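Undergrad: Provided herewith is a single structure, encoded as structure tokens, for subsequent inquiry.
In my numbering, the protein residues as written are 3 to 293.
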């Protein structure tokens, strides 16, 4: 289905071997990672990281286009976060020892790691997150890996609809809505990305790439959640992501839409069931083109 729709990249949240087998020879770039609960053992024991790579990467490395291994999804600054960097180091070491040099190791964070988000140039990691992230940023610098970030303009808009115009959240503004020094922002996505870019710069990662590893707009289940807004947001995002942001103009932003399918068991919030582009029977929730 990904190939028929022209979708060239995929992110999965657990190393499902049925999916890995199905991706063989497809050329689809894959982001994969261990479950959050497995990170502690991979941090404490190199052999555990080595075993994970041996089980989930090595058997498929010649046929599956692995792009990133994501160690930890939105667990900074949770107490488990202290194990992310040791696990990243062990996985990187295991890859190198297997002569696998092309897969980048990273972690994914949410906007909750920020201590300030307005204006974008003021972006920085709050103290608790910085204690974990600053050393991780140095790892990313050393290995040429990007930081993966999960951002949701929908939630920012839905929490402050009196302050954030819907057109600004949907990429429909016709002019600059917010100025930050000499930079002008016409959409909320650019502002959110550049806030994280500014935080990276302050952490010594000015040259670290940024991948939007989750983003989407729900089609039901809450304020401002409807199929028309979801369609407009995702269509405009697809058209915009290659253009860069005011802080990094002309630098395309690798972006992963969340999610492929509506999930009726997703939760705990009702709205989480409705981020899919397709229903489980593969019919589209709304019309959308990916190329």
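For glycine and all other residues, C-beta sits at the position ideal for the given N, C-alpha and C. What you are looking at is a predicted structure, and each value in this text was computed from that prediction instead of being measured.
Which of the three DSSP states is assigned to residue 31 in this structure?
TA: Taking the chain shown and counting its residues from 1, one reaches residue 31 at position 29. If DSSP states are grouped into helix, strand and coil, residue 31 belongs with the strands.
Undergrad: Let me check one thing: in DSSP terms, what residues is residue 295 bridge-paired to?
TA: Lying before the first or after the last residue shown, residue 295 is absent from the chain, which here runs from 3 to 293.
Undergrad: In whole angstroms, what separates the C-alpha of residue 57 from that of residue 32?
TA: On the chain shown, residue 57 is found 55 positions in, with the first residue counted as 1. On the chain shown, residue 32 is found 30 positions in, with the first residue counted as 1. Approximately 16 Å, taken between the alpha carbons.
Undergrad: Using the rule of at least 16 other Cβ atoms within 10 Å of the residue's Cβ for burial, across every protein chain shown, is residue 19 buried or exposed?
TA: Here the question's residue 19 lines up with position 17 in the chain shown. It is exposed - the Cβ of residue 19 has fewer than 16 other Cβ atoms within 10 Å.
Undergrad: Excluding the 5 residues preceding and the 5 following residue 156 in the sequence, name in chain order all residues of the same chain whose CB lies nearer than 6 Å to its CB.
TA: Mapped onto the chain shown, residue 156 falls at position 154. Taken in chain order, the residues that qualify are 219.
Undergrad: Bridge partners of residue 263, per DSSP?
TA: Stepping through the chain shown from its first residue, residue 263 is reached at position 261. Its beta-bridge partners are 280.
Undergrad: Tell me which residues share the same chain as residue 94 and place their Cβ nearer than 6 Å to its Cβ, disregarding the 5 neighbours each side in the sequence.
TA: On the chain shown, position 92 is the one that residue 94 refers to. So the list reads 107, once near-sequence residues are dropped.
Undergrad: Going by C-alpha to C-alpha distance, which of 164, 104, 166 sits closest to residue 145?
TA: Within the chain shown, numbered from 1, the residue matching residue 145 stands at position 143. Of 164, 104, 166, the residue nearest in Cα terms is 104.
Undergrad: Rounding to the nearest angstrom, what Cα-Cα distance links residue 140 and residue 285 in this structure?
TA: Translated into positions along the chain shown, residue 140 becomes position 138. Translated into positions along the chain shown, residue 285 becomes position 283. Going by the C-alpha atoms only, they are around 44 Å apart.
Undergrad: Have a look at residue 176 and residue 189 and give me their C-alpha separation to the nearest angstrom.
TA: In the chain shown, residue 176 corresponds to position 174, counting from 1. In the chain shown, residue 189 corresponds to position 187, counting from 1. Rounded to the nearest angstrom, the two C-alpha atoms are 10 Å apart.
Undergrad: On the CB-based measure, 16 or more other CB atoms within 10 Å of its CB, does residue 215 come out buried or exposed?
TA: Start at 1 with the first residue of the chain shown, and residue 215 comes out as number 213. That one is buried.
Undergrad: Residue range of the alpha helix (DSSP H) that residue 237 falls in?
TA: One-based indexing of the chain shown puts residue 237 at position 235. Its alpha helix (DSSP H) spans residues 229–242.
Undergrad: What does DSSP give as the partner residues of residue 70 in its beta bridges?
TA: Working through the chain shown from its first residue, we reach residue 70 at position 68. DSSP output for residue 70 lists 33, 106 as bridge partner(s).
Undergrad: Please return the same chain residues whose Cβ sits closer than 6 Å to the Cβ of residue 263, not counting the five positions on each side in sequence.
TA: Position 261 of the chain shown, counted from the start, is the residue given in the question as residue 263. Closer than 6 Å at the Cβ level, and outside the excluded window around residue 263, lie 278, 280, 282.
Undergrad: Shortest alpha-carbon distance to residue 255 belongs to which of 150, 183, 26, 122?
TA: Position 253 of the chain shown holds residue 255. Out of 150, 183, 26, 122, 150 has the C-alpha closest to the C-alpha of residue 255.
Undergrad: Touch check for the stretch 68–85 and the stretch 119–126: three-plus C-beta pairs under 8 Å?
TA: Because the criterion of three Cβ pairs below 8 Å is not met, the stretch 68–85 and the stretch 119–126 do not touch.
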